[in-house]
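Numbering (the numbering used here), first residue to last: 3 to 996.
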């Protein structure tokens, strides 16, 4: 009855996610040690003691059952759970192998299964690319084929270690990975891109690195599928594959990675279901039950001493010959230690018992295998209580994955062919009309949006897998007629080679036609073997995976922000063999060269004051971290990062961390655009607002001069808290105005799961138009001024502000990070969070603009919304310091730069759009922005804790980016009280003072 109650209550327990009691743990019995001359490692001695203690407590049947591992899911319901419980309680199986389900459900089941098991269970998973291969809500790592494209084993080690850490967090002791098969058959239906490639040395290098990472994380790795499943054209899940190779051929190729894995200390090896006559000629004898393969070759000849595991015994490669427990017996007789997924656990124990009685295998041999498994359990931590904490489980498992996936994508993506050097796109190319066509996709995706962010105005086409050959001609005709070049991306095709990878004739034809008839770059997102259909592509990129991280990295490569370093791990075409790959370095920092202290003639000790100021700022809680960069005469003299994204110190600030610039948007986006339009004669500074914005006609805003708006002296109110009108009395957002997901009427993203009604933007504009105007009050710093200016830019250009400024400045200048809407271009791991709002958006803001008004305008506004790293915004300021020129391109006329950056008001310190030093700066008690700043200095500060300054007199640029508003918003004013920015800028002046 107690067992029935436990089982019946488990489903409810899984639904609540509450904790399950820890399992019983065997305590070591005190034993008298025998005197011996042989030295035994302390850990191994303890393992043997524990194994002996457990062994003595078991019946003969229970001992045999320790060699059996059964299937477990966390998504199959109560009947499945009952069956697993029966095998654990009645048959005393040694372990479970989890497959599909979810992390919390699996954790609860693991806790429960451990609690009812007489001996702690060995828990395994078949997760070749991490837990995401099996579990929902877990992010997958790339498949081995992508890792095999890298040339550095460091990231393979990191991938293995992360897989190990994920497993440990979820109470898993063995991951049946990595795949050590050499995939030298492109038509292999089951291994294929699960392999590191066709080069045995590369397979061995990457496999060994992965194994070391996994085992350093404290789990058992498993090299599979011995003696090599790479040269088969039959799936062993469905039938028994035959490999007709000589023993010498096997030695020279298939066995090489396994030898290297054994030498590196892999703790387990999985035996595949393969018929290899050169190893064992006996008919219907898969290697998994072959004494010649397991004992003679692997154990005796190759010297492997670790655990030997069968591949799943339910697979047809063996199940068509043996079942009802006989498959387990045959595996044991061959020399295996663990029999996984047999047809029956009870039948397996019974078959082995009978074999012992009949003398087919000795009791001593079986007992030795059992103790071997028990020692492995102890060494994997099963001598201690096994209990999984479910709090933040998915978050913990996923915490490092995106960052690692990005690093792997950047190192693996392969430039396969670049006949006319189209990649990376030159500034001239980015000025021409460009199309992107996503073949196989059903809608726009991250790659398409990334291309459009790099090249605003790019038109996107979607050609689905359901479209016909007849629909090709009009699409190709239009692209040829209207565009100078086309980017072709291939998506969502099958990972397996059967049926042309699922690619339709129409998909293949439209790609080949575009490749042959106009300048094109083709990016293949998925299994690289599919490139075989596009061997004539003049410009070709293998991207290996089809996730958003890889898609962003591929766009980075095309637009010159990432240098390709990957090489094909397999042969894809006769003239594109394994190892093909064009490599070159693209260092974004070459936009701004670096100078040593000696070269720049500066006092390095003076600059080191910045380090102390930054560390003091962090220690005092003024900001959790910062980027600080300084230029002298166009060269970097100081560029350092401090602290972390948050005070928990989990994510360090790096040179590519992206900050919310807040009001720096006013100068680095809106004012730049206004200057360009002024240059082109499209904007008159003495014209009025009504000339450019028809919607203000008939209001008191129509007569405001553009010059006065740029100077913040048009009489507009400082700001309007639009969001306050949209809250209930308890500060919660209006659930009619905001929806958790976008729809036809709620399409304006304000934050995560918060989309505003489209029509409310009209209400916001009306609030501005109705706001009080006080032109006599003089200078009032106002966000409304720049909201109007941003709208003027859009009115005059016919483009959104973010599109115009990116197309006109950021892309041609080679800026990788500067822009609006960073979540559409970068993973969140690269974006620094700002405030944790407890009203309005009710969440940690990360990648959504901090300014609530800008957020309600959709993340793009004239006063806020720009994000960047320090380097890229320094390029903008250097361009202005160069009188509007950068790298030989004149972006703004020198006289325009001079006009806008000079003092332009007799009642304030302002330039046109730009902030400047106080006019009495030299004598002020609190100088701004630094005591030594000349009158020619110009720049701006941002509410989030940022500033950008340029001083033409000294040839200096100073950039400071922080998130001082984390976590509690504007209440933290320590950065102002400490004068951190001002003192750092002054230290830069001290360093250049002769």
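Ideal Cβ positions, reconstructed from N, Cα and C, are used throughout, including at glycine.
Residue range 940 to 944 is occupied by the beta strand (DSSP E) that includes residue 940.
Every beta strand (DSSP E) stretch that sits fully inside the region 637 to 709 and reaches 3 residues is listed by chain position as 637 to 645. Straight-line measurement puts the Cα of residue 954 at about 21 Å from the Cα of residue 675.
Each residue's CA atom was taken as its position, placing residue 205 and residue 226 some 12 Å apart. In this structure, the alpha-carbon of residue 80 lies about 12 Å from that of residue 74. At a cut-off of 4 residues, the continuous stretches assigned as alpha helix (DSSP H) that sit fully inside the region 155 to 242 are 156 to 171 and 202 to 218. When DSSP states are grouped into helix, strand and coil, residue 82 belongs to the helix group. Scanning 678, 759, 768 and 987 for the CA closest to the CA of residue 799 turns up 678. Segment contact: the region 373 to 380 against the region 520 to 527, fewer than three CB-CB distances shorter than 8 Å; contact not assigned. Bridge pairing for residue 119: absent [DSSP]. The beta-bridge partner set that DSSP reports for residue 601 is empty.
With a cutoff of 8 Å on beta-carbon distance, residue 420 and residue 584 are scored as near each other. If you look at residue 886, you'll find it isn't in any alpha helix (DSSP H); DSSP assigns it neither H nor E. Contact between the region 172 to 179 and the region 533 to 550 is not established, with fewer than three Cβ pairs separated by less than 8 Å. Contact check for residue 639 against residue 604 passes: the beta carbons are separated by less than 8 Å. Inter-segment contact for the region 786 to 805 and the region 619 to 627 is absent: fewer than three beta-carbon pairs are separated by less than 8 Å.
When DSSP states are grouped into helix, strand and coil, residue 951 belongs to the strand group. Going by C-alpha positions, residue 858 is about 36 Å away from residue 105.
Residue environment analysis places residue 738 among the exposed positions, since fewer than 16 neighbouring C-beta atoms fall within 10 angstroms of its C-beta.
Partner residues in the beta bridge of residue 312, as assigned by DSSP, are 273. Three or more pairs of CB atoms, one per stretch, sit closer than 8 Å, so the region 408 to 418 contacts the region 138 to 154. Distance from the Cα of residue 889 is smallest, within the candidate group 841, 814 and 129, for 814. Closest in alpha carbon position to residue 49, among 386, 171 and 703, is 386.
Per DSSP, the beta bridge partners of residue 420 are 541. As for any alpha helix (DSSP H) of minimum length 4 sitting wholly inside the region 429 to 470, the runs are 429 to 432 and 448 to 456, ordered along the chain. In the same chain as residue 982, and ignoring 5 residues on each side of it, the C-beta atoms closer than 7 Å to its own belong to 615, 619 and 624, in chain order. In the DSSP assignment, residue 491 falls outside any alpha helix (DSSP H) and lies within the beta strand (DSSP E) extending over 487 to 492.
Beta-bridge partners assigned by DSSP to residue 828: none are found. Counting along the chain, residue 334 sits inside no beta strand (DSSP E); it lies in the alpha helix (DSSP H) bounded by residues 328 to 336. Cβ-Cβ distances below 8 Å link residue 688 to 707, 708 and 709 in the same chain, with the five nearest sequence neighbours on each side left out; the list follows chain order.
With respect to residue 213, residue 245 sits apart: the two C-beta atoms are not nearer than 8 Å. Of 652, 586, 728 and 783, the smallest CA-CA separation from residue 843 is found for 728.
Look at residue 805 here: in three-state DSSP terms it is helix. Straight through space, the alpha carbons of residue 493 and residue 838 are spaced by roughly 37 Å. Non-local beta-carbon contacts of residue 210 in its own chain, meaning distances under 7 Å to residues more than five positions away in sequence, involve 262, 263 and 266 in chain order. Cα atoms of residue 965 and residue 865: separation of roughly 18 Å, rounded to the nearest angstrom.
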